[in-house]
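These protein sequence lines are chains W and S, in that order. Numbered according to my numbering, the first sequence terminates at residue 445, and the numbering increases by one at each position without gaps. Numbered according to my numbering, the second sequence terminates at residue 404, and the numbering increases by one at each position without gaps. For every residue, glycine included, the Cβ atom is placed at its ideal position computed from N, Cα and C.
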Amino acid sequence: MIDKSTRRDFLKRSASLAAGALVLPQIIPSTALGMGGKLPPSDRIVMGAIGTGAQGTGNMDGFLQRVKELQFVAVCDVDRNRAKGAKDMVDTAHNNKDCRTYGDYREFLEKEKLDAVCIALPDHWHGLIYTAAANKKLDVYGEKPLARTISDGRAIVSAVKRNNIVWQTGSWQRSQQNFRHAAELVINGRIGKVSLVEVGLPNGIKGVGTPPIKAVPAELDWEMWLGPAPKVPFRGISHWNWRWILDYSGGQLTDWAGHHIDIAQWGLGMGHSGPVEIEGEGTYPNEGIYNVPVDYNFLCKYSTGVELRVANSTQLPNRKDGPSWLGGATWYGDKGWINVDRGKIQASNPKILEEVIGENEIHLYKSDNHIGNFLECIKSRGETVAPVEIAHRSISIGLLGEIAMTTGQKIQWDPVKEEIIGNPVASRLLCRPYREPWENPTI
Amino acid sequence: MKNQYILIFAIVITLFNGCTSGTHYKALIVTGQSSHNWRASSPILKQILEQTTLFSADILKAPEKKEEMSTFAPNFSNYNVVVLDYNGESWSEKTKTAFVEYVKNGGGVVIYHSANSAFPEWKEFNQMIGLGGWGGRDEKSGPYVYYNKNKLVIDTTAGSCGSVLKRQEFQVITRNPEHPITKGLPIGWQHGSDELYSELRGPGKNMEILATAFAAGTAGGNRRNEPMLMAITYGKGRIFHTTLGHADEGGGPAMECVGFIVTLQRGTEWAASGKVTQKIPYDFPNNGSISLRAGFKEMTLDDDLAKITTYDITKSTKYFVDLQSRIRTEAKTPEALQKFEKLIIKILENKEATDDGKKLLLGELSWMGSELSIPAIKQQTKNPNLKAAAEFALARLQPSR
Chain W
3 MIDKSTRRDF
13 LKRSASLAAG
23 ALVLPQIIPS
33 TALGMGGKLP
43 PSDRIVMGAI
53 GTGAQGTGNM
63 DGFLQRVKEL
73 QFVAVCDVDR
83 NRAKGAKDMV
93 DTAHNNKDCR
103 TYGDYREFLE
113 KEKLDAVCIA
123 LPDHWHGLIY
133 TAAANKKLDV
143 YGEKPLARTI
153 SDGRAIVSAV
163 KRNNIVWQTG
173 SWQRSQQNFR
183 HAAELVINGR
193 IGKVSLVEVG
203 LPNGIKGVGT
213 PPIKAVPAEL
223 DWEMWLGPAP
233 KVPFRGISHW
243 NWRWILDYSG
253 GQLTDWAGHH
263 IDIAQWGLGM
273 GHSGPVEIEG
283 EGTYPNEGIY
293 NVPVDYNFLC
303 KYSTGVELRV
313 ANSTQLPNRK
323 DGPSWLGGAT
333 WYGDKGWINV
343 DRGKIQASNP
353 KILEEVIGEN
363 EIHLYKSDNH
373 IGNFLECIKS
383 RGETVAPVEI
393 AHRSISIGLL
403 GEIAMTTGQK
413 IQWDPVKEEI
423 IGNPVASRLL
433 CRPYREPWEN
443 PTI
Chain S
4 MKNQYILIFA
14 IVITLFNGCT
24 SGTHYKALIV
34 TGQSSHNWRA
44 SSPILKQILE
54 QTTLFSADIL
64 KAPEKKEEMS
74 TFAPNFSNYN
84 VVVLDYNGES
94 WSEKTKTAFV
104 EYVKNGGGVV
114 IYHSANSAFP
124 EWKEFNQMIG
134 LGGWGGRDEK
144 SGPYVYYNKN
154 KLVIDTTAGS
164 CGSVLKRQEF
174 QVITRNPEHP
184 ITKGLPIGWQ
194 HGSDELYSEL
204 RGPGKNMEIL
214 ATAFAAGTAG
224 GNRRNEPMLM
234 AITYGKGRIF
244 HTTLGHADEG
254 GGPAMECVGF
264 IVTLQRGTEW
274 AASGKVTQKI
284 PYDFPNNGSI
294 SLRAGFKEMT
304 LDDDLAKITT
314 YDITKSTKYF
324 VDLQSRIRTE
334 AKTPEALQKF
344 EKLIIKILEN
354 KEATDDGKKL
364 LLGELSWMGS
374 ELSIPAIKQQ
384 TKNPNLKAAA
394 EFALARLQPS
404 R
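In C-alpha cells form, the structure reads like this:
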C-alpha cells in the first residue's frame, strides 16, 4: 500500500513530467484499472469536511457523486447534530459506518491523515481554518468569500502559496459555460472598449429586531462557533443568518462578491489586480442586531479608467437600450453590452453571443465541473479555475466597498502594495482584531 | 452702473439666502372641504413646509359645504405655490379662471393625497394634476398610466377610476432619479403605513412619473406599479402631485414618514421655483425599514446622543444608526471625526449611560477614534459587560501594542 506522502509525491512527479513534455497531464481512466471503474483505495483522494451546514453538505454532496475517485473519512462541525448528519451522508455514500466526527477543527486536522478538505464556514472563521489546513499541506476546496478582511485574505493566499497546495474557491460560476462565454467575449473586445461594468447583487435583508437571549442548544459549541469574533450571548442566530451581522459577514455584498464581482473582474482581465479608488454609500437597518447594509452602492475606478459599480440591483439605473435584467455582471463597451447571470446571458445585439473566439484570441480557463476541476488539479498539481489569489482580489473589492461605505470616505487603494493610501483611519478597517486566545493569521 | 447695482444686489441676496434661514417662498394651503381629515392634515402640511425655513405658509379655509362659494376668491398670485388639501365643492368660475391664469403664468401647485379626486369636471384642473381618481371619472378622463415592471403603460381600457388598497407599509420605487425632486433619493424606500392609490386616470400630458409603488395582489391590488409622485408642467407653471400622506388624527405614520415629508418639501420647492436646494436628510428611509419622525421634526444630534445614553438592547437602534450616518456624511476628515469622538467620549465617561449604549459606541470608536479615546476606552475594560468591546477597540486603535 502506498502511503499518503508517497502517493502525493507520485502525483506531483507525474504532473511535472507531464508539464515538462508540454502536454496536459493525462488522467488514467479508471476503467483502465479494472475494479469496476473504481480506483484502488490507496489511489483515491482521502477527504474530510469542516463545516457541514447547508453549503458544506451541498459541496459534500457534489464530492460524494464521485466516490470512485475519493473517500471521505471524517467531518467536523461545532454543531454535533450537523456533524452527525454529514457522517450519515458519507456513510451512506461509502456504504460503511466509518466516517469519524469532530467538533474542534484543531483535533480534526491533528488526528486525520487527509489529502484534501472541503471547508464551508462563516466568514469570520476563514482566516484561521483556511491557513491551518494549508499549513497541514492539505489541498483545499474553500467557500467564498475568501475572507472577512483583506488582511485575513492575504494571510490565506500566502499560506496556500507557501505550502504549495491546490486551492479551489467555491466560485463555481467560473465553471459555467455562460459566465465563461460572456467573460471571453468581453476580454476579446466583442463589445469594443469597456468603460463600465455594473454588478447587480441581491437586496440586503431587513432587520429582525433583537431576539431574546436563549439557552445554547446542547448540540452547539457556541464558544467555538464564535471563535475569534467578539463574545456575545446566544440569541438563536447562528446557522445561515450569521451573514446579516458584521462580526461574521458583510451581508449580501460580501457573500456575492465571490460570484459576480469575480466574474466582472474575469471579463476585465483584472483578476490579479484591483481598483485604485472606491467610493459609495450604504444604508443600514434601523432596528435590531442585523447591521449589514440593506442598500449598497459603490463605484470603483481602475487605473485604466474603467469603472466598476457594485450595488444591490434595485439601486442600479435602468438604461434605455440597456439590459432588461440588472442582476449579475453587465459590461458596457463602446460597441454594446453583455449581461450575464445565473441561467442567463444577453447582449445589446444577440449576434454578439454567437461570436466564436478565434484560435489566436484569449481563451479563458475552461472548466465545466467545479468539483471535477479541483480533483483533476489535485492529481495534476495544476492551478484550478478559481485560484486563491483571484478569490482574494474578488472579495477585496467587496471589502473595500464596505470600508468606503462605513467611513463615508473616498478610498484610494494601491492594489500592488494592498494598502489604503493616506488614510490611517480607514486603514484600520482592513483588519478585525481577533478575540483571545485566537490570534490573527500572519502573512 | 445700473447693471453693477443689480449684480451687487444679486450677490447680497445670494449670500443672504446661503447663510441664513430666511423664508423665500410663500405657500397657500387651500383646505376646508375634503373627504379626508383636513383639520388634521392642513396644519401638519404647514408645519412640514415651514420647518424647511424655505416657506411661510398660510392656511385658507374655503367656505363650508352649502355656504356661498362665490366669496371664495383667493389672490393666488400673492403666492409662489398653492397646496391643495381640498376635494370639496366646485369653485366659482371666476376663481377657477384666476387659478388657471396663476398656473399658466408660472405659479406652483402641490396636489396632496385626496386632492386628486377634486373637480372631476374641470378640464384644466385635470390637465394640471396629470392623473386623478373618483368623482365619476372613467375612460373619458384619460387612460390608466402605470408601470408594468420597467415599462410605462398607457392603458385606454374602459373602466372606473380610483381605488384604494388597504392600509399598509409599502415600498416606493424611484422611477426618475434625475429629476430635481428625486435626485439623490434611494431607488427603493419603505413608506409608513398609508393608503395606496391605484387605477388613477387622466390626460397625463407633460407629466413625469417620479416614483411608483406596487399594488400587491395580497393587499387587493391589481399588480401594477402605480404612480405615487408626479411632476407636471402646465403653461409656465409646475405641479407636484403626491398621492401619499393619508392623515390620521394627529397625522399618523403616513405623514410622519420621512419619505413623505421630504418628498413633499422637495416637491413644493420645485413647484415654487423649478429647483430643489434641500439636502437629503440622513434619516431618509431605505429598503430596510420605514423611518418616522415623531412630531414631524428632524432629529437633532442631541436627540440621538440622549437616546444612545439610555439605549438598551430591546430598544430601537435607530438613533445609533442615525449617529453613524451623521458621522459618514459630515465627518470626512480627522478633525471632523474628532468632533464626534469627543461627544462619544463624554457618553463613555457618563456613569448614568447604559452599557448597551456604550457597547455600540465602542464599536464605532474602534475605527474612527484616536489617541484621545484611549483613556476612556481603557476605563471600560474594567466593566465585564464592556471588556470585550473595549479590548476590540483598543486592539484596532493600537495595533502595534
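- prompt: Is the CB of residue 264(S) under 7 Å away from at least one CB in chain W?
  reply: In the second sequence, the residue the question calls residue 264(S) occupies position 261. It does not: the Cβ of residue 264(S) has no partner Cβ on chain W nearer than 7 Å.
- request: Determine which residues share a DSSP beta bridge with residue 260(S) and list them.
  value: As a first step, residue 260(S) must be located in the second sequence, where it is residue number 257. According to DSSP, residue pairing for residue 260(S) in a beta bridge involves 295(S).
message: DSSP has residue 104(W) in a bridge; who is on the other side?
response: For this step, residue 104(W) is matched to residue 102 along the first sequence. DSSP output for residue 104(W) lists 78(W) as bridge partner(s).
task: Kindly say whether residue 409(S), judged by its beta-carbon, lies nearer than 7 Å to any beta-carbon of chain W.
output: Outside the shown range of chain S (4 to 404) lies residue 409(S), about which nothing can therefore be said.
query: What are the boundary residues of the alpha helix (DSSP H) that residue 182(W) is part of?
result: In the first sequence, residue 182(W) corresponds to position 180, counting from 1. Unbroken alpha helix (DSSP H) run through residue 182(W): 179-189.
Nearest-angstrom Cα separation, counted from residue 112(W) out to residue 385(S): Taking the second sequence and counting its residues from 1, one reaches residue 385(S) at position 382. Taking the first sequence and counting its residues from 1, one reaches residue 112(W) at position 110. Take the alpha-carbon of residue 385(S) and the one of residue 112(W): they are about 37 Å apart.
task: Note down, in chain order, all residues in the stretch 316-348 of chain W with a beta-carbon under 9 Å from any beta-carbon belonging to chain S.
output: Per Cβ criterion, the list reads 316, 317, 318, 319, 320, 326.
- request: Say whether the stretch 65-77 of chain S touches the stretch 92-102 of chain S, bearing in mind that this needs 3 or more beta-carbon pairs closer than 8 Å, one atom from each stretch.
  value: Cβ pair count under 8 Å is three or more, so yes.
Closer than 7 Å to chain S by CB, residue 249(W): Here residue 249(W) is taken as the residue at index 247 of the first sequence, counted from 1. At a cut-off of 7 Å between beta-carbon atoms, residue 249(W) makes no contact with chain S.
query: When you compare only the Cα positions, how much space is there between residue 369(W) and residue 339(W)?
result: Counted from its first residue, the first sequence places residue 369(W) at position 367. Counted from its first residue, the first sequence places residue 339(W) at position 337. Near 24 Å, if we compare the C-alpha coordinates of residue 339(W) and residue 369(W).
task: Could you tell me the boundaries of the alpha helix (DSSP H) in which residue 131(S) lies?
output: Working through the second sequence from its first residue, we reach residue 131(S) at position 128. Looking at the DSSP string, the run of the alpha helix (DSSP H) that includes residue 131(S) is 126-132.
task: Helix, strand or coil for residue 370(S), going by three-state DSSP, please let me know.
output: Locating residue 370(S) in the second sequence gives position 367, counting from the first residue. The answer is helix: DSSP assigns residue 370(S) an H, G or I state.
field: Closest residue to residue 235(W) among 146(S), 173(S), 359(S) (Cα-Cα distance)
entry: Within the first sequence, residue 235(W) is the residue found at index 233, counting from 1. Out of 146(S), 173(S), 359(S), 359(S) has the C-alpha closest to the C-alpha of residue 235(W).
query: So, are the CB atoms of residue 249(W) and residue 232(W) less than 7 Å apart?
result: The residue you call residue 249(W) lines up with position 247 of the first sequence. The residue you call residue 232(W) lines up with position 230 of the first sequence. Yes.
Residues of its chain near residue 246(W), where Cβ-Cβ distance is below 7 Å and the 5 sequence neighbours each way are ignored: Sequence index remark: in the first sequence, residue 246(W) carries index 244 (1-based). Cβ neighbours of residue 246(W) beyond the five flanking positions: 207, 253, 292, 294.
task: Check distances from the C-beta atoms of the stretch 161-172 of chain W to those of chain S and list, in chain order, the residues that come in under 8 Å.
output: The residues in question: there are none.
message: Please report the straight-line C-alpha distance between residue 279(W) and residue 336(W), rounded to a whole angstrom.
response: For the purposes of this step, residue 279(W) is identified with residue 277 of the first sequence, where counting begins at 1. For the purposes of this step, residue 336(W) is identified with residue 334 of the first sequence, where counting begins at 1. Going from the Cα of residue 279(W) to the Cα of residue 336(W) covers about 23 Å.
query: Where does residue 287(S) sit, in a helix, a strand or coil, going by DSSP?
result: Numbered from 1 along the second sequence, position 284 holds the residue referred to as residue 287(S). Here residue 287(S) sits in coil by DSSP.
field: Own chain residues within Cβ distance below 8 Å of residue 203(S), not counting five before or after
entry: Within the second sequence, the letter at position 200 stands for residue 203(S). 119, 134, 135, 136, 147, 148, 164, 165, 229, 230, 246.
- request: Work out the CA separation of residue 226(W) and residue 239(W) for me, nearest whole Å.
  value: Counting from 1 along the first sequence, the entry for residue 239(W) is found at position 237. Counting from 1 along the first sequence, the entry for residue 226(W) is found at position 224. So the alpha carbons of these two residues sit roughly 14 Å apart.
message: Checking the sheet assignment: what are the DSSP bridge partners for residue 313(W)?
response: Position 311 of the first sequence, counting from 1, holds the residue named residue 313(W). In the DSSP output, where bridge partners are listed per residue, residue 313(W) has 202(W), 299(W).
query: Which same chain residues, not among the five before or five after residue 214(S), have their C-beta less than 7 Å away from its C-beta?
result: Within the second sequence, the letter at position 211 stands for residue 214(S). Answer for residue 214(S): 175, 176, 177, 178, 185, 231, 232, listed in chain order.
message: What would DSSP say about residue 230(S), mapped onto helix, strand or coil?
response: The residue given as residue 230(S) occupies position 227 in the second sequence. Strand at residue 230(S).
- prompt: Out of curiosity, what's the CA-to-CA distance linking residue 345(S) and residue 376(S)?
  reply: Mapped onto the second sequence, residue 345(S) falls at position 342. Mapped onto the second sequence, residue 376(S) falls at position 373. Answer to the nearest angstrom: the Cα atoms are 8 Å apart.
field: For residue 291(W): DSSP bridge partner residues
entry: For the purposes of this step, residue 291(W) is taken as the residue at position 289 of the first sequence. BP columns for residue 291(W) are empty, so no partner.
query: Measuring CA to CA, which of 152(S), 206(S), 302(S) is closest to residue 217(S)?
result: Looking up residue 217(S) in the second sequence gives position 214. For the set 152(S), 206(S), 302(S), the Cα lying nearest the Cα of residue 217(S) is the one of 152(S).
query: Measuring CA to CA, which of 251(W), 389(W), 345(W) is closest to residue 268(W)?
result: Walking along the first sequence from the start, residue 268(W) turns up at place 266. Distances from the CA of residue 268(W) to each of 251(W), 389(W), 345(W) were compared; the closest alpha carbon is that of 389(W).
message: For a test of the three-state rule: what should DSSP assign to residue 217(S), helix, strand or coil?
response: Residue 217(S) sits at position 214 when you count from the first residue of the second sequence. Of the three classes helix, strand and coil, the one that applies to residue 217(S) here is strand, per DSSP.
Residue 34(W) burial status per 10 Å Cβ neighbour count (16 or more: buried): Residue mapping note: residue 34(W) aligns to position 32 of the first sequence, counting from 1. In this predicted model, residue 34(W) has a pLDDT of only 40, less than 50, meaning its place in the structure is not dependable enough to derive any value.
Whole-number beta carbon distance between residue 180(W) and residue 347(W), since they are thought to touch under 8 Å: Looking up residue 347(W) in the first sequence gives position 345. Looking up residue 180(W) in the first sequence gives position 178. Right, the Cβ-Cβ distance comes to about 4 Å (below 8 Å), so this counts as a contact.
- prompt: Name the chain S residues that come within less than 8 Å of residue 444(W), Cβ to Cβ?
  reply: Taking the first residue of the first sequence as 1, we reach residue 444(W) at position 442. Near residue 444(W) there are no residues of chain S at all, since even the closest Cβ is about 12 Å away, more than 8 Å.
- prompt: Where does residue 339(S) land, buried or exposed, given buried means 16+ other C-beta within 10 angstroms?
  reply: Taking the first residue of the second sequence as 1, we reach residue 339(S) at position 336. Exposed: under 16 other Cβ atoms inside 10 Å.
Per-residue DSSP class, three states only, for residue 272(W): For the purposes of this step, residue 272(W) is identified with residue 270 of the first sequence, where counting begins at 1. Reduced to three states, the DSSP call for residue 272(W) is coil.
message: For the structure I just gave you, are there three or more beta carbon pairs, one from the stretch 425-437 of chain W and one from the stretch 405-412 of chain W, closer than 8 Å?
response: Counting Cβ pairs under 8 Å, three or more are found: they touch.
message: Under 7 Å, Cβ to Cβ, is there at least one residue of chain S near residue 13(W)?
response: Taking the first sequence and counting its residues from 1, the one referred to as residue 13(W) is at position 11. Confidence at residue 13(W) is low in this model, with a pLDDT of 44, below 50, so the placement of that residue should be treated as unreliable; the coordinate-derived value is given next. At a cut-off of 7 Å between beta-carbon atoms, residue 13(W) makes no contact with chain S.
task: May I have the straight-line CA-CA distance separating residue 331(S) from residue 316(W), to the nearest angstrom?
output: Translated into the one-based positions of the second sequence, residue 331(S) becomes position 328. Translated into the one-based positions of the first sequence, residue 316(W) becomes position 314. Put simply, the backbone Cα of residue 331(S) is about 22 Å away from that of residue 316(W).
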